[in-house]
Amino acid sequence: RYSKSIEQYMVRQFMKPGITGWAQVNGFRGETKTLDQMEKRVEHDLWYMENWSLWLDVRIIFMTVFNAIAGDENAF
40 RYSKSIEQYM
50 VRQFMKPGIT
60 GWAQVNGFRG
70 ETKTLDQMEK
80 RVEHDLWYME
90 NWSLWLDVRI
100 IFMTVFNAIA
110 GDENAF
């Protein structure tokens, strides 16, 4: 559905899925109700792929824990 509307949408399929990710800790998680929301999620996923490092993964883990404790309005 989105692969025809969002440039580079399929590129994100090259990464193995994880429990959490850069898009998720930045608020782009759960249901995507609009094309704009999915575009933002894809942008964050592509940024992660281009900037991956062990430090970035550690940062994502800490942000995930913080979001779990503080709450996230986009969580189910």
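Throughout the sequence shown, residue numbering follows the numbering used here, covering 40 to 115 in sequence. The beta carbon of each residue, even a glycine, is placed where N, CA and C say it ideally should be.
- Around the C-beta of A109, fewer than 16 other C-beta atoms lie within 10 Å, and the residue is accordingly described as exposed.
- Secondary structure of F67 (DSSP, three-state): coil.
- Nearest C-alpha to Q47 among N106, M77, K72: M77.
- Close CB contacts of H83 within its chain, under the 8 Å cut and outside five residues either way in sequence, are with G60, W61, A62, N65, F67 (chain order).
- One thing to note: V81 has its Cβ no nearer than 7 Å to the Cβ of I58.
- Membership of F101 in the alpha helix (DSSP H) is indicated by the continuous run 93 to 109.
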